[in-house]
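**Q** Got a structure for you, questions after.
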Amino acid sequence: MGSFTLGKYLPLNSCIHKLDPRAKIIAMLIVLIAIFLPAGWLGYGLIALCVVSLIFLAKLSLKFVLKAMKPMMFMMVFLLVVNIFVIKTGFVIVSLGSFAIYSDAFIQTLYIVVRLVLMIMITTALTATTKPLDLTLGIEDLLKPFARFKVPSHEIAMLISIALRFIPDLIEETQRIMKAQTSRGVDLKEGKLKEKIMAILSLIVPLFVSAFQRAEDLANAMEARGYAPGAARTRYKVLKMERNDYILLAASGALVIALIILSIL
Amino acid sequence: MPIRFEKVSHVYSDGSPFTYAALKEIDLEIAEGKLTAIIGATGSGKSTLVQHLNALLLPSNGKVEVLDRIISSDEKPTKLKSLRKDVGLVFQFPEYQLFEETILKDVAFGPKNFEFTEEEANAKAKKALAMVNIDPSYYEKSPLDLSGGQKRRVAIAGILAMDPKIIVLDEPTAGLDPQGAKAMMELFKELNTKYGKTIIIVSHDMEHVFNYCDDVVVLEHGSVRCHLSVDQFFKDSKWCEELHIIPPFVIQAKQMLKAKGIEIMADVKTVDDLAYEIAKKVKN
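Residue numbers (my numbering), protein chains in the order written: chain A, -10 to 254; chain B, 38 to 321.
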């Protein structure tokens, strides 16, 4: 778990941590829209500047945020390979007989990579500064207006919060079972295909068994305490928008407007 | 050859806000052929310590010597896999590691991983299952259909089948009924005396430590507080008092008798022996 930082909450004390989760979610969505505007390199530079200063304000280390990119590395390489074969515009960089690599392949990939990196940075900035529970509270509130379209906002929020709640448990459980099976001679890294399949099986079966067991226990515990999905309930934590939240929203709004202007020009 | 820890430290998530030093410069020598108990409060580093024994965890600093192999931070342990065969590690609630279709297959899984043939592995599995008192009629059943205690025994058989020289058990009796726990401890004692296995048990149960173990290692905040023979440890009431441990029943009775002026010098382990000694005292 040590190297896995994507989506992990970091309990630090910064002004970003104290913001209302609703404001943070909306701001993130706005920045995501901005990332997808075709505003060119100047636009990306502007977004990057904002995102980096946000990360700086949140007292997160850039190393932590960059670590979150690791799982995306494969996807980026894959994209590059696909683009090399597909894109045939721009000037030729290398040609091997009938096969040629064009400059646009790299530029296009770079565009996508920059977008991905910015997206990961902004989402990491959100998840690292917001407790999972606050995040779901925020989502629930934001989905409330859709109730008239029969969107079960509370149920969705409950689902998300339960799922988030169990991620660390399942990671821990996986590591535990991995260690137990390693002690029985399982080698998860090496071995023939058949041995590898066996190794993965020895991990997945116990994991499923315990996940279902947990789910059943949790369902029973919730029922025992009278949980009913549709019932009206009060909240322990009431969200309240404050000055800083509006500043964040205004800033992200300004950013997207700047990007729109840049992309029209 | 004893198991030797030399200035072993282990730090979790070094360099992050979650960094935590679980072991701090541990120096420890665990004798071969003995049944050693490791005790200590939650978070004292017991589980971290035992995971070093088969190189599941590598020390952040220092080195561990186990069966002629050296486990340290910088060098990859040589013959890692054979070490795992020779040091069987049973985790807390090992029943969660069962996954095969039948009990026999599950127990034979370990030996098969260590290059034993199908027949050899099955023979070893049958022997191990007999040791933990699982009847042959169960061999073809699914391990998931067993009761909690049976599952635990099958899981332990899965380690015994590898025929390890050292067996390490992390709270093997947690969650078992008293009879089941007693049978389990008797099994470990037998493995120790009859088969000459070195056994290390992490335990919270002082009755078990007192009745079945030879030595006791007390961990506190990632350091070794003391390492004594079980008799010495319980003889001196200061240890139990300092460590806030409720002594075993027989020791408590002895202390109460002493307070009333009846001192029993002999090392008694069972209630019967204690009664005998009291009777002897009374007759005199």
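Yeah, the Cβ is synthetic: ideal placement off N, Cα and C, and Gly gets one too. Remember, it's a predicted structure, so these values are computed and weren't measured experimentally.
1. Would you say the stretch 44 to 52 of chain A touches the stretch 59 to 71 of chain B, given that touching needs at least three Cβ pairs under 8 Å?
2. Using DSSP with H/G/I as helix, E/B as strand and the rest coil, what is PHE151 of chain B?
3. Can you check which of these residues, B:MET221, B:TYR249, B:GLU314, B:ARG262, is closest to ALA303 of chain B by C-alpha distance?
4. Does the beta carbon of TYR176 of chain B sit closer than 8 Å to a beta carbon anywhere in chain A?
5. By DSSP, does SER110 of chain B sit in helix, in strand, or in coil?
6. Please classify TYR216 of chain A: does DSSP put it in a helix, a strand, or coil?
7. May I ask you to list, following chain order, the residues of the stretch 195 to 213 of chain A that have a beta carbon less than 7 Å from some beta carbon of chain B?
8. Helix, strand or coil: how does DSSP classify LYS44 of chain B here?
9. State the Cα-Cα distance for the pair GLU157 of chain B and ALA194 of chain B, rounded to the nearest angstrom.
10. Identify each residue in the stretch 134 to 159 of chain B for which the Cβ-Cβ distance to at least one residue of chain A is less than 7 Å, and report them in chain order.
11. Where does ARG214 of chain A land, buried or exposed, given buried means 16+ other C-beta within 10 angstroms?
12. Can you confirm whether PHE225 of chain B, when its beta carbon is compared against all beta carbons of chain A, has any partner nearer than 8 Å?
13. Report yes if the CB atom of ALA169 of chain A is closer than 8 Å to the CB atom of PHE128 of chain B, and no otherwise.
14. Which class does PHE262 of chain B belong to by DSSP, given the choice of helix, strand or coil?
15. Is it buried or exposed, LEU207 of chain A, if we count other Cβ atoms within 10 angstroms and call 16 or more buried?
16. So which residues on chain A does MET199 of chain B lean against when the C-beta distance must stay under 8 Å?
17. I want to see whether chain A comes within less than 8 Å of ARG106 of chain B, judged by CB atoms only; does it?
18. Helix, strand or coil for LEU65 of chain B per DSSP?
19. In whole angstroms, what is the alpha-carbon distance linking GLY180 of chain A and MET222 of chain B?
20. Decide if the stretch 240 to 251 of chain A is in contact with the stretch 14 to 32 of chain A; the criterion is three or more beta carbon pairs, one per stretch, under 8 Å apart.
21. Using a Cβ-Cβ cutoff of 8 Å, what residues of the stretch 14 to 46 of chain A are near chain B? List them in chain order.
22. Roughly how many angstroms separate the alpha carbons of LEU141 of chain B and LEU197 of chain B, rounded to a whole number?
23. Can you find a CB in chain A that lies within less than 8 Å of the CB of ALA296 of chain B?
24. Can you tell me which of A:VAL175, A:VAL83, A:TYR225 puts its alpha carbon nearest to the alpha carbon of ASP405 of chain B?
25. Under a Cβ-count criterion, where at least 16 other Cβ atoms within 10 Å of its own Cβ denotes burial, should THR116 of chain A be classed as buried or exposed?
26. Alpha carbon to alpha carbon, how far is ALA204 of chain A from LEU126 of chain B?
27. Whose C-alpha, out of B:VAL267, B:SER274, B:TYR249, is nearest the C-alpha of ALA296 of chain B?
28. Return the CA-CA distance between VAL124 of chain B and ALA290 of chain B, expressed in angstroms with no decimal places.
29. From this set, B:ILE288, B:GLY52, B:PHE146, which residue's C-alpha is nearest ASP268 of chain B's C-alpha?
30. Which value, in whole angstroms, describes the spacing of the CA atoms of ILE40 of chain B and ARG262 of chain B?
31. Going along the stretch 148 to 170 of chain A in order, which residues come within less than 7 Å of chain B, judged by CB to CB distance?
32. With respect to the alpha helix (DSSP H) encompassing THR163 of chain A, which residues constitute its N-terminal and C-terminal limits?
33. Within 8 Å of any Cβ in chain B, is that where the Cβ of LEU248 of chain A sits?
34. Are PRO148 of chain B and ALA162 of chain B close, meaning C-beta to C-beta below 8 Å?
35. In this structure, does DSSP put ILE44 of chain A in helix, strand or coil?
36. Using the Cα positions of GLY217 of chain B and LYS234 of chain B, report the straight-line distance between them to the nearest angstrom.
**A** Well, looking at it:
1. No, the stretch 44 to 52 of chain A is not in contact with the stretch 59 to 71 of chain B.
2. Within the second sequence, residue 151 of chain B is the residue found at index 114, counting from 1. In the displayed model, PHE151 of chain B falls within coil according to three-state DSSP, outside both helix and strand.
3. Along the second sequence, one-based indexing puts residue 303 of chain B at 266. In terms of CA proximity to ALA303 of chain B, B:GLU314 leads the group B:MET221, B:TYR249, B:GLU314, B:ARG262.
4. Position 139 of the second sequence, counting from 1, holds the residue named residue 176 of chain B. Not closer than 8 Å to any Cβ of chain A, the Cβ of TYR176 of chain B fails to qualify, so no.
5. Position 73 of the second sequence holds residue 110 of chain B. In this structure, SER110 of chain B counts as coil in the three-state DSSP scheme.
6. For this step, residue 216 of chain A is matched to residue 227 along the first sequence. Residue state, collapsed to three classes: coil.
7. Listed in sequence order: PRO195, VAL198, SER199.
8. On the second sequence, position 7 is the one that residue 44 of chain B refers to. LYS44 of chain B sits in a strand when the DSSP states are folded into three classes.
9. The sequence position of residue 157 of chain B within the second sequence is 120, counting from 1. The sequence position of residue 194 of chain B within the second sequence is 157, counting from 1. The straight-line gap from Cα to Cα measures roughly 15 Å.
10. If the cut-off is 7 Å between Cβ atoms, the stretch 134 to 159 of chain B has GLN134, LEU135, PHE136, PHE146, GLY147, ASN150, PHE151 near chain A.
11. Taking the first residue of the first sequence as 1, we reach residue 214 of chain A at position 225. ARG214 of chain A comes out exposed.
12. For the purposes of this step, residue 225 of chain B is taken as residue 188 along the second sequence, with counting starting at 1. No, PHE225 of chain B does not count as interfacial toward chain A.
13. Taking the first sequence and counting its residues from 1, the one referred to as residue 169 of chain A is at position 180. Taking the second sequence and counting its residues from 1, the one referred to as residue 128 of chain B is at position 91. Yes, they are a contact pair.
14. Indexing the second sequence from 1 puts residue 262 of chain B at position 225. It should be noted that the sequence gives Arg, not Phe, for residue 262 of chain B. In the structure shown, ARG262 of chain B sits in a strand (DSSP, three-state: E or B).
15. Looking up residue 207 of chain A in the first sequence gives position 218. Burial check for LEU207 of chain A: the Cβ neighbour count within 10 Å stays below 16, so the residue is exposed.
16. Start at 1 with the first residue of the second sequence, and residue 199 of chain B comes out as number 162. Correct list: ARG173, GLY174.
17. To locate residue 106 of chain B, count along the second sequence from 1; it is residue 69. Residue contact with chain A for ARG106 of chain B: absent (no Cβ-Cβ distance below 8 Å to any residue of chain A).
18. Here residue 65 of chain B refers to the residue found at position 28 when the second sequence is read from its first residue. Collapsing the DSSP output to three states places LEU65 of chain B in a strand.
19. Along the first sequence, one-based indexing puts residue 180 of chain A at 191. Along the second sequence, one-based indexing puts residue 222 of chain B at 185. GLY180 of chain A and MET222 of chain B: Cα-Cα distance of roughly 36 Å.
20. With a cut-off of 8 Å on Cβ pairs, the stretch 240 to 251 of chain A is in contact with the stretch 14 to 32 of chain A, counting three or more such pairs.
21. Flagged: no residues at all.
22. Here residue 141 of chain B refers to the residue found at position 104 of the second sequence. Here residue 197 of chain B refers to the residue found at position 160 of the second sequence. Whole-angstrom Cα-Cα distance: 13 Å.
23. Translated into positions along the second sequence, residue 296 of chain B becomes position 259. When Cβ-Cβ separations below 8 Å define contact, ALA296 of chain B makes no contact with chain A.
24. The structure shown does not extend to residue 405 of chain B, since chain B is modelled only from 38 to 321, so the question has no answer here.
25. Position 127 of the first sequence, counting from 1, holds the residue named residue 116 of chain A. A buried status is given to THR116 of chain A, since no fewer than 16 other beta-carbon atoms sit within 10 Å of its beta-carbon.
26. Translated into positions along the first sequence, residue 204 of chain A becomes position 215. Translated into positions along the second sequence, residue 126 of chain B becomes position 89. For ALA204 of chain A and LEU126 of chain B, the distance between alpha carbons rounds to 29 Å.
27. Numbered from 1 along the second sequence, position 259 holds the residue referred to as residue 296 of chain B. Nearest option by C-alpha distance: B:SER274.
28. In the second sequence, counting from the first residue as 1, residue 124 of chain B sits at position 87. In the second sequence, counting from the first residue as 1, residue 290 of chain B sits at position 253. Distance between VAL124 of chain B and ALA290 of chain B, taken at the CA atoms: about 38 Å.
29. Here residue 268 of chain B refers to the residue found at position 231 of the second sequence. When each option's Cα is compared against that of ASP268 of chain B, the closest is B:ILE288.
30. Taking the first residue of the second sequence as 1, we reach residue 40 of chain B at position 3. Taking the first residue of the second sequence as 1, we reach residue 262 of chain B at position 225. Straight-line measurement puts the Cα of ARG262 of chain B at about 18 Å from the Cα of ILE40 of chain B.
31. Using a CB distance below 7 Å, the part of the stretch 148 to 170 of chain A facing chain B consists of ARG165, ILE166, LYS168, ALA169, GLN170, ordered along the chain.
32. Translated into positions along the first sequence, residue 163 of chain A becomes position 174. Taken as a continuous stretch (DSSP letters only), the alpha helix (DSSP H) holding THR163 of chain A covers 142 to 172.
33. One-based indexing of the first sequence puts residue 248 of chain A at position 259. No, its Cβ sits nowhere closer than 8 Å to a Cβ of chain B.
34. As a position in the second sequence, residue 148 of chain B is number 111, starting the count at 1. As a position in the second sequence, residue 162 of chain B is number 125, starting the count at 1. Judged by their CB atoms, PRO148 of chain B and ALA162 of chain B are nearer to each other than the 8 Å cut-off.
35. On the first sequence, residue 44 of chain A is found 55 positions in, with the first residue counted as 1. Annotated three-state conformation of ILE44 of chain A is helix, per DSSP.
36. For the purposes of this step, residue 217 of chain B is taken as the residue at position 180 of the second sequence. For the purposes of this step, residue 234 of chain B is taken as the residue at position 197 of the second sequence. Approximately 21 Å, taken between the alpha carbons.
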